[in-house]
Structures are given as C-alpha cells and as structure tokens.
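Printed below as a string of structure tokens:
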C-alpha cells in the first residue's frame, strides 16, 4: 500500500505523514528540497489513490469518489474515537466531547499571539474565516 494509504489507515494527518516522510525532528531544520521532495511524494501517492482506473487522469467521478471515501474514513475514525464506551452510539457526553475538542482547537488557531485571549481583531478574523468556509457572503 502507498504511504498515504497506510497513513490514512493508521489515522494520521497529512502533515504528520509529511513530517514522517521527511523524518522530521521538530528541533531541526529542513531544506526546501527536502520539503519539496516529501510533498511531491505525498502528491504522487494521492494521485495514485484517486486515479481509480489507473489511466493517469483523474475524472470528476474519481475525485468525487475519493473525496467521499476520505470523508467517510475520517467520520468513521472520529466516531470510533468518540464512542468511548464502544456501544456503537454517541451519547450526549461523547458528542459534547467532540464539540469541546473542536472549540479548543479553533480557539488555539484564532489566538494568533498565543496569549490565551482573543482580541477583537483575532475574533473578527476567525469569524470571517469560518464564514468563508461555510460559504457565507463577506460583510
């Protein structure tokens, strides 16, 4: 299996996979060529995974199918990780834990100066980015 397929099965993120491709130790620097080589390898793997009929062309159907498969895989892994009592259902507490974790991650991303508080500017930028993601028109 390709590196991306193995990484996906292991529940790894693309950035973690890229870090492993480059054998990153976070206290060391990487050259531009090392990053380019790893990114190229990851993109080649992604292309091979998406090109279902192996004709070296990705059709709209193949892209759509690959996207759906990726979303399904992510949803399945998220559900499995959240279903802490393994009863194949999410109770309110389990569901809330997903929302809490997402909110914490969103806050960390929005807190650009890492002071534990959102300024008016940080908040406005975060909300504008969320709006853009969900397709809301700009004010």
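Residue numbers (this note's numbering): 17 to 155. The C-beta atom is built at its ideal place from N, Cα and C for all residues, glycine as well.
- For residue 64, the uninterrupted alpha helix (DSSP H) run begins and ends at 48 to 66, by DSSP.
- Across the structure, residue 142 and residue 150 are spaced so that their CA atoms are roughly 13 Å apart.
- Going by DSSP, residue 132 is part of no alpha helix (DSSP H) at all; its letter is neither H nor E.
- Annotation: residue 104 to residue 70 spans about 36 Å, alpha carbon to alpha carbon.
- Distance between residue 72 and residue 86, taken at the CA atoms: about 20 Å.
- By the neighbour-count criterion, in which a residue is buried when 16 or more other Cβ atoms sit within 10 angstroms of its Cβ, residue 119 is exposed.
- Linking residue 57 to residue 64 through their CA atoms gives a straight-line distance of about 11 Å.
- Note on geometry: alpha-carbon atoms of residue 47 and residue 126 lie some 29 Å from one another.
- In the assembly as shown, residue 152 is an exposed residue. Its beta-carbon has fewer than 16 other beta-carbons within 10 Å.
- If you check the CB distance, residue 82 and residue 66 come in under 8 Å.
- Counting only the Cα atoms, residue 49 lies some 34 Å from residue 91.
- Residues of the same chain with a CB within less than 7 Å of the CB of residue 68, apart from the 5 flanking positions on each side, are 78, 81 in chain order.
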